[in-house]
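Input: a single structure, listed below in structure tokens.
Number of protein chains: 2
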Amino acid sequence: MNFADRLMEKIDQKQSHVCVGLDPRLNQIPENIKDKAIKNYGKTTEAVAKSFLEFNKGIIDAVAEHTAIVKPQMAFYEQYGYWGVKAFEDTVAYAKDSGLLVISDAKRNDIGSTAKAYADGYLGRPDFWEGETLVNKSDSLTVTPYLGSDGIIPFVDSCQEHDKGIFTLVKTSNPSSGDLQDLVTKADSRIYEEIAKLVVCWGEELIGERGYSSIGAVVGATYPSEARTLREIMVNNYFLVPGYGAQGGSADDVIDCFNDDGYGAVVNSSRGIIFAYQQKRYSNDYKEAAKQAVIEMKEAINNSLAKEDKLAWQ
Amino acid sequence: MNFADRLMEKIDQKQSHVCVGLDPRLNQIPENIKDKAIKNYGKTTEAVAKSFLEFNKGIIDAVAEHTAIVKPQMAFYEQYGYWGVKAFEDTVAYAKDSGLLVISDAKRNDIGSTAKAYADGYLGRPDFWEGETLVNKSDSLTVTPYLGSDGIIPFVDSCQEHDKGIFTLVKTSNPSSGDLQDLVTKADSRIYEEIAKLVVCWGEELIGERGYSSIGAVVGATYPSEARTLREIMVNNYFLVPGYGAQGGSADDVIDCFNDDGYGAVVNSSRGIIFAYQQKRYSNDYKEAAKQAVIEMKEAINNSLAKEDKLAWQ
């Protein structure tokens with residue numbers, strides 16, 4: 022089944038537009054998890070990997086009922102080398118076994134022949150030994166469009182062939198996203214609008230039965246006005262919306278990322294959910310706190326959608 | 022010592038502006054290497070990693086005398102998961118032990134707090150267990166500027182703190198690099214010129230004793246006219262020049278990437294050197310062929326520089 026259709030099925034099942042970001046930071050992992058890892062594996066990168074995996078499993082168990090999709094951020098794993106990448110892979114596998122979809126947030130990008138290697142690795146089938154097949158379990162990947170179409174097409178081809186999805190950076194949530202993305206062209210359009218038009222082209226052939234394309238876009242919650250413009254350009258493209266919570270975006274801010282049908286966006290929160298246990302208003306048990314925070318976020322978004330008469334489930 | 026100074030010292034020592042791209046592709050690795058790996062490790066990703074590492078060691082031994090720096094392309098390793106990343110790490114370590122500098126070609130990019138995790142991982146010191154330090158051996162990293170300044174500054178900070186370098190994508194070598202990079206702004210400048218101006222700003226504080234900054238730029242050999250413009254904007258920034266050989270760039274095409282002092286660019290070739298053994302005009306021994314190809318490229322560039330009176334070593 023087309024990735025966008027799979028995503029929407031899962032969103033309906035959980036009645037939730039939330040994506041939980043799995044961005045483990047060693048200094049925020051509960052001490053008992055770390056102590057156990059050090060005891061078994063010493064002060065090694067392997068112990069970091071085991072800590073991350075145990076922490077993530079707890080989060081996934083806590084949030085699985087209330088989220089359709091999770092988004093591990095590769096940077097937090099990759100900085101610990103191959104053991105970190107092993108933790109990433111094991112986290113993806115555990116999320117899939119828990120019935121969740123996965124976005125590998127890696128923002129990969131390169132020229133065509135190299136982009137194909139990334140596409141094969143995350144979404145397709147890398148060249149491997151005769152008679153053997155190598156499959157990455159993640160459902161989708163974030164990509165960066167600086168290199169233009171021939172750097173993106175290999176990912177689109179993999180999506181088409183293997184029912185996977187991508188989210189292309191269009192307007193990101195960070196303070197200086199405008200340095201490049203907001204530049205105005207001679208034709209009086211913003212760079213993010215130009216990229217949005219390309220996303221529409223790349224996604225045209227991958228529109229699923231429910232009208233959305235598997236070629237999506239990253240549109241930050243922190244820029245609601247730009248989101249409105251982008252929603253109009255990319256009518257059929259799913260948005261991945263970062264910037265909720267810790268970065269300052271609210272439930273009301275993200276509503277313009279949705280279409281009138283009540284679909285079209287998954288809203289990510291990372292720190293605000295996985296490290297909720299460090300905030301006074303939640304439980305000090307990290308799993309219980311994550312569950313409280315994800316339910317709160319799910320309901321806040323659904324309530325904001327209902328106010329605008331955009332809630333899909335009545 | 023500042024990264025740019027270290028790079029220039031190594032370039033002088035080898036009298037070579039060549040960078041060798043270590044982009045292993047399983048179907049182009051000599052059969053005897055692969056047979057041995059399968060025999061010892063089965064048809065696994067571990068066997069792929071062992072094949073890549075043995076192949077790379079042979080290439081590094083063959084080219085070390087004639088190149089200052091090597092550039093493993095992360096995509097080709099990462100597609101094989103954590104074993105692939107292990108091969109990447111072991112390749113970097115072997116190159117360093119062989120007296121070479123290393124560019125990790127990973128084109129990483131993200132919002133500030135996440136970019137910091139990538140910067141710590143590739144160039145700095147990731148948060149780790151108390152009393153232990155984690156160090157990545159690579160000297161520099163390629164980065165993608167779509168997210169603007171706050172996505173790049175963490176890398177610049179790591180370069181400053183740890184004498185490392187970055188190369189920011191400015192004008193890439195691929196056919197559709199113009200989709201975004203060539204768009205013309207209202208102020209009548211191209212996007213690649215706008216990014217170039219940012220690169221100058223980011224690099225200002227990191228200029229070494231010989232006048233070049235550790236904050237470099239990626240400028241493709243396939244666009245000589247754009248390279249001339251960019252050389253004028255980024256006077257003090259080192260260029261990493263891809264696109265030589267297999268992608269169509271010639272020695273004459275890359276000359277405008279150099280300053281009049283005969284420095285300012287390292288020119289990369291990957292396939293054209295590491296898989297030279299598959300071309301009739303070179304040896305069918307892959308190491309000997311790589312050596313022939315790297316010497317040929319070094320001399321071609323030096324000859325072209327000499328013709329323009331830009332050769333640093335007379």
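Which chain is which? The protein sequence lines are A and B, in order.
If you count by our numbering, then the first sequence holds residues 22 to 335, one letter each, in order.
If you count by our numbering, then the second sequence holds residues 22 to 335, one letter each, in order.
Glycine included, each C-beta is placed from N, C-alpha and C at the ideal position.
Counting C-beta atoms within 10 angstroms of its own C-beta, Ser246 (chain A) has fewer than 16 neighbours from the protein chains shown and is therefore classed as exposed. In chain order, Pro147, Asp148, Phe149, Trp150 make up the part of chain B whose C-beta sits under 9 Å from the C-beta of Leu47 (chain A). In this structure, Val39 (chain B) and Ser290 (chain B) form a Cβ contact; the two beta carbons are roughly 7 Å apart against a cut-off of 8 Å. The beta-carbon separation of Val177 (chain B) and Trp223 (chain B), rounded to 5 Å, stays under the 8 Å limit for a contact. In the DSSP secondary-structure assignment, Thr163 (chain A) is bridged to A:Phe188. Taking 7 Å as the CB threshold, Lys64 (chain B) lines the interface with chain A.
Bounds of the beta strand (DSSP E) holding Lys92 (chain A) are 90–93.
Within the same chain, Cβ atoms closer than 8 Å to the Cβ of Arg249 (chain B) are found at Asp277, the five residues on either side in sequence being excluded. Near chain B, meaning a CB-to-CB distance below 8 Å, the residues of the segment 190–210 of chain A are Leu190, Thr193, Ser194, Asn195, Pro196, Ser197, Ser198, Gly199, Asp200, Leu201, Gln202, Leu204, Val205, Thr206, Lys207, Asp209. Interface criterion met: the Cβ of Ile132 (chain B) is under 7 Å from a Cβ in chain A. Contact with chain B is absent for Glu52 (chain A), since none of that chain's Cβ atoms lies less than 7 Å from the residue's Cβ. Pairing Gly42 (chain A) with Gln94 (chain A), the inter-Cα distance amounts to about 7 Å. One thing to note: Ala96 (chain A) has its Cβ no nearer than 7 Å to the Cβ of Tyr213 (chain B). Phe188 (chain B) is positioned such that its CB atom lies no closer than 7 Å to that of Val220 (chain B). Ranked by Cα distance from Phe149 (chain A), the first of B:Leu47, B:Glu253, B:Phe279 is B:Leu47. Ala136 (chain A) is positioned such that its CB atom lies closer than 7 Å to that of Pro175 (chain A). Taking a 10 Å sphere around the C-beta of Met29 (chain A), we find 16 or more other C-beta atoms and assign the residue as buried. Counting only the Cα atoms, Gly145 (chain A) lies some 8 Å from Glu182 (chain A). Residue range 212–224 is occupied by the alpha helix (DSSP H) that includes Cys222 (chain A). From the beta-carbon of Glu110 (chain A), the residues of chain B found nearer than 7 Å are Gly102, Tyr103.
In this structure, A:Phe260 is the residue among A:Ala242, A:Phe260, A:Ile80, A:Ala89 with its C-alpha nearest to the C-alpha of Thr163 (chain A). Annotation: Cβ neighbours of Ser170 (chain A) in chain B (cutoff 8 Å, chain order): Ser197, Asp200. Contacts with chain A at 7 Å (Cβ-Cβ) do not include Asp178 (chain B). Minimum Cα-Cα distance from Ala267 (chain A) among the listed residues A:Ser197, A:Ala297, A:Leu190, A:Asp281 corresponds to A:Ala297. Between Ala311 (chain B) and Val84 (chain B), the gap from beta carbon to beta carbon is short of 7 Å. Interface with chain B (7 Å Cβ-Cβ cutoff): Lys218 (chain A) is excluded.
Secondary structure within the segment 271–299 of chain B: the beta strand (DSSP E) runs of 3 or more consecutive residues, fully enclosed, are 286–290 (chain order).
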